[in-house]
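*Asks:* One structure is given below, represented as structure tokens, and several questions about it will come after.
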Amino acid sequence: MLNLVLLGGEGIGPEVVEATAQVLKHLVPDVELQRPIHGEAAIAAHGTSIPDATKEACRRADAILYGATHKHCKDVLRFLRWGLTTFANLRPSKTRPGLPSPLKKDVPIDLLIVRENVEGEYPTREGELRDFVARWPEFTDVIGQKIPAEGAFALRITTEIGCRRVSAVAAQAALRRRESGRPGKVTIVTKQNIFARGDGMFRSIAEEILDAAKVPHDHYYIDDACRRLVAQPENFDVILTPNMFGDIMSDIAAELVGGLGMAPSGCVGERWSYFESVHGSAPDIAGKGIANPLGSIQSLSLLFRLTLDRPADATLLEEAVAATLANGYRTADLAESATRPVSTEEMGNAVLEQLERRAATAASGPA
Ligand code: NAI
Ligand code: MG
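Everything in the sequence shown is counted per our numbering, starting at -5 for the first residue and increasing by one.
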């Protein structure tokens, strides 16, 4: 039996995760869903946002569905990423006919960003420059300047193992996409011209692993890659990039195909995985019941494909979401000003209705 942990987090997180739970229960009726205490309630009861028992439930689960972090759940997110070493974050963006896009031209976008998820500038490693200079007075920058004694610094970390494991995930993803008719090409995105060591290593290891897997690849610097993502998004297939660049590029990519409310993501490691929409807690609309649940619901489809090996359920769900949108259902973030937007619950129910319709058709057999 499948055992999944649901952590709503904060803001709109619990709202979209509950809508997703209904869809999950429909597709996998015997799923065991746990909702262990976390966040603000856990801080009040246990003095920590993620008690040991909740961590243990996550470790024992087949996978985790997460909502969003605002202020109380920072340690929850840290556990999901660093505690469970979910080092690769997969963020697909695909054109949906009729959804808002800032692009002037109508081009089919179908890309996947593979973001390194646990290194680079994350988790926060910051300090006072005066402490840095006191410990390392002879350190200079690339043009020989001493470090100023006032201000703050942040550390950006790149390791060989970190580069290898995320590159392997990108290679596998490209090969899977090739099987389904996509080009199966990886574009590596770095700022190697500035971070010659860290991003230089990221790029050369990525190239080595992609060559070994016989996956074609190219490379752009992050600034040029962002420009290309807006100018020719149809030319991208898989994008492999360090943590912060992936964080930023995936918001841009989401905006091109309907916005943050539509954007799913899956964070995978060797042993554990968790799934969450790309968006955050959306404090401006939290508690109103109007958040778009489709980013979270589509993350379920990634869960079926990447972790549970249930591609048929993933396809069914993707078809149900496409049909719901084709029938005109729009939450406020997707709605034109003239239409009546649906609530989070109504959107979730519309997807459920599509799934029920498909189940009924399958049960009655071919006509
Ligand atoms: P955000 O993603 O929460 O919101 C940005 C904009 O998109 C807002 O106008 C919001 O209403 C809208 N939006 C987002 N998701 C939506 C949905 N499902 N339906 C309709 N509209 C939606 O990003 P923001 O405002 O930069 O950050 C708010 C908080 O979320 C911050 O505390 C931030 O640190 C946190 N955050 C957490 C993330 C996570 O848990 N993985 C990711 C990004 C931000
Ligand atoms: Mg982000």
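Think of the CB as a built atom: it goes at the ideal place given N, C-alpha and C, for glycine as much as any other residue.
1. Do E270 and S293 count as a contact pair if the criterion is CB distance below 8 Å?
2. Where does F239 fall in DSSP's three states?
3. Ends of the beta strand (DSSP E) at E4?
4. So what does DSSP say about P94, is it helix, strand or coil?
5. Run the CB neighbour count on Q226, radius 10 Å, all protein chains shown included, and call it buried at 16 or more, exposed below.
6. Expressed to the nearest angstrom, what Euclidean distance is found between the alpha-carbon atoms of E249 and S95?
7. In chain order, which continuous runs of the beta strand (DSSP E) of length 3 or greater are located wholly inside the segment 201 to 284?
8. Is there at least one non-hydrogen atom of ligand 3 closer than 7 Å to the beta-carbon of V209?
9. At what residues does the beta strand (DSSP E) containing V127 begin and finish?
10. In chain order, what residues of the same chain have a beta carbon less than 7 Å from the beta carbon of I31, not counting five sequence neighbours either side?
11. If you draw a straight line from the alpha carbon of C52 to that of R75, how long is it in whole angstroms?
12. With DSSP as the reference, please indicate the residues paired to F147 in a beta bridge.
13. Pull up the CB-CB distance for G121 and F147, whole angstroms please, since I reckon it's below 8 Å.
14. Just reading off the alpha helix (DSSP H) that T338 is part of, what are its end residues?
15. To the nearest angstrom, how far is the alpha carbon of L78 from that of T63?
16. Within this structure, are the beta carbons of S268 and Y60 separated by less than 8 Å?
17. Just to confirm, does P94 get its C-beta within under 7 Å of one of the non-hydrogen atoms of ligand 1?
18. Grab me the residues of F196's own chain with a C-beta within less than 7 Å of its C-beta, minus the 5 sequence neighbours each way, in chain order.
19. Short check: CB of V180 to CB of H211, under 8 Å?
20. Can you tell me the Cβ-Cβ gap for V262 and T80, rounded? I've got them flagged as a contact below 8 Å.
21. Contact between the segment 273 to 282 and the segment -3 to 6 is defined here as three or more beta-carbon pairs at a separation below 8 Å; is this criterion met?
22. Could you tell me if the beta carbon of T80 falls within a distance shorter than 7 Å of some heavy atom in ligand 1?
23. Hey, M256 and C220: beta-carbon distance below 8 Å or not?
24. Name the DSSP bridge partner or partners of N111?
25. Give the straight-line distance between the Cα atoms of R85 and D193, rounded to the nearest whole angstrom.
26. Over what stretch of residues does the beta strand (DSSP E) that includes L84 continue unbroken?
27. With C-beta atoms as the reference, is T318 less than 8 Å away from A354?
28. Distance, Cα to Cα, Y323 vs E154?
29. Name the one or two DSSP bridge partners that R302 has.
30. Indicate the three-state DSSP secondary structure (helix, strand or coil) for I182 in the structure shown.
31. Heavy atom of ligand 2 less than 7 Å from the Cβ of D193, yes or no?
32. Enumerate, from N- to C-terminal direction, the unbroken beta strand (DSSP E) stretches of 3 or more residues contained entirely within the segment 13 to 75.
33. For Q28, I'd like the list of residues in its chain whose CB is within less than 8 Å of its CB, leaving aside the five on either flank, ordered along the chain.
34. Please report the distance separating the alpha-carbon of E12 from that of G175.
35. Between L328 and D231, is the Cβ-Cβ spacing less than 8 Å?
36. Counting only the same chain and skipping the five closest in sequence on each side, list residues whose C-beta sits under 6 Å from that of G253.
*Replies:* Answer, in terms of the structure:
1. Here the question's residue 293 lines up with position 299 in the sequence shown. Here the question's residue 270 lines up with position 276 in the sequence shown. The answer is yes: Cβ separation under 8 Å.
2. Residue 239 sits at position 245 when you count from the first residue of the sequence shown. Here F239 sits in helix by DSSP.
3. In the sequence shown, residue 4 corresponds to position 10, counting from 1. Here E4 belongs to no beta strand (DSSP E), and DSSP marks it neither H nor E.
4. As a position in the sequence shown, residue 94 is number 100, starting the count at 1. Coil, per DSSP.
5. For the purposes of this step, residue 226 is taken as the residue at position 232 of the sequence shown. Looking at its Cβ environment, which holds fewer than 16 other Cβ atoms inside 10 Å, Q226 is exposed.
6. As a working mapping, residue 249 is identified with position 255 in the sequence shown. As a working mapping, residue 95 is identified with position 101 in the sequence shown. Distance between the alpha carbons of E249 and S95 is about 7 Å.
7. 211 to 215, 232 to 235, 258 to 262 and 267 to 271
8. In the structure shown, ligand 3 is absent; the only ligands present are ligand 1 and ligand 2.
9. Position 133 of the sequence shown holds residue 127. V127 -> not in any beta strand (DSSP E); alpha helix (DSSP H) instead, spanning L123 to R129.
10. The residue given as residue 31 occupies position 37 in the sequence shown. So the list reads A39, P45 and T48, once near-sequence residues are dropped.
11. On the sequence shown, residue 52 is found 58 positions in, with the first residue counted as 1. On the sequence shown, residue 75 is found 81 positions in, with the first residue counted as 1. Rounded to whole angstroms, C52 to R75 spans 12 Å at the Cα level.
12. Here the question's residue 147 lines up with position 153 in the sequence shown. DSSP, once it has assigned bridges, lists G121 as partnering F147.
13. Along the sequence shown, one-based indexing puts residue 121 at 127. Along the sequence shown, one-based indexing puts residue 147 at 153. G121 to F147, Cβ: 6 Å. Contact.
14. For the purposes of this step, residue 338 is identified with residue 344 of the sequence shown, where counting begins at 1. T338 to S358 is the span of the alpha helix (DSSP H), which, as asked, contains T338.
15. In the sequence shown, residue 78 corresponds to position 84, counting from 1. In the sequence shown, residue 63 corresponds to position 69, counting from 1. Using only the alpha carbons, I get a separation of about 17 Å.
16. In the sequence shown, counting from the first residue as 1, residue 268 sits at position 274. In the sequence shown, counting from the first residue as 1, residue 60 sits at position 66. A small fix is needed here, since residue 268 is Tyr in this sequence, not Ser. The answer is yes: Cβ separation under 8 Å.
17. For this step, residue 94 is matched to residue 100 along the sequence shown. Not so, every heavy atom of ligand 1 lies at least 7 Å from the Cβ.
18. As a first step, residue 196 is located in the sequence shown; it is residue number 202 there, counting from the start. Correct list, in chain order: T152, C157, T184 and P236.
19. Walking along the sequence shown from the start, residue 180 turns up at place 186. Walking along the sequence shown from the start, residue 211 turns up at place 217. Their beta carbons are under 8 Å apart, which means V180 touches H211 by this criterion.
20. Within the sequence shown, the letter at position 268 stands for residue 262. Within the sequence shown, the letter at position 86 stands for residue 80. Correct: roughly 6 Å between the Cβ atoms.
21. yes
22. Here residue 80 is taken as the residue at index 86 of the sequence shown, counted from 1. Because no heavy atom of ligand 1 lies under 7 Å away, the Cβ of T80 does not count as near it: no.
23. Walking along the sequence shown from the start, residue 256 turns up at place 262. Walking along the sequence shown from the start, residue 220 turns up at place 226. Cβ atoms of M256 and C220: not closer than 8 Å.
24. Position 117 of the sequence shown holds residue 111. N111 is not bridged to any residue.
25. On the sequence shown, position 91 is the one that residue 85 refers to. On the sequence shown, position 199 is the one that residue 193 refers to. Those two C-alpha atoms are separated by around 21 Å.
26. As a first step, residue 84 must be located in the sequence shown, where it is residue number 90. Note, L84: beta strand (DSSP E), A82 to K88.
27. Residue mapping note: residue 318 aligns to position 324 of the sequence shown, counting from 1. Residue mapping note: residue 354 aligns to position 360 of the sequence shown, counting from 1. Not closer than 8 Å, so no.
28. Counting from one through the sequence shown, the residue named residue 323 turns up at place 329. Counting from one through the sequence shown, the residue named residue 154 turns up at place 160. Near 46 Å, if we compare the C-alpha coordinates of E154 and Y323.
29. In the sequence shown, the residue the question calls residue 302 occupies position 308. Looking at the sequence provided, one finds Leu at residue 302 rather than Arg. Note: L302 sits in no beta bridge, so no partner.
30. What you label residue 182 is simply residue 188 of the sequence shown in a count that begins at 1. DSSP places I182 in strand when its eight states are reduced to three.
31. For this step, residue 193 is matched to residue 199 along the sequence shown. No.
32. 26 to 28 and 57 to 62
33. Residue 28 sits at position 34 when you count from the first residue of the sequence shown. Here the set comprises N(-3), L(-2), V(-1), L0, A51 and A55.
34. For the purposes of this step, residue 12 is taken as the residue at position 18 of the sequence shown. For the purposes of this step, residue 175 is taken as the residue at position 181 of the sequence shown. Going from the Cα of E12 to the Cα of G175 covers about 34 Å.
35. For the purposes of this step, residue 328 is identified with residue 334 of the sequence shown, where counting begins at 1. For the purposes of this step, residue 231 is identified with residue 237 of the sequence shown, where counting begins at 1. No, Cβ-Cβ distance for L328 and D231 is not below 8 Å.
36. For the purposes of this step, residue 253 is identified with residue 259 of the sequence shown, where counting begins at 1. Excluding residues within five positions, the ones whose Cβ falls inside 6 Å are D327.
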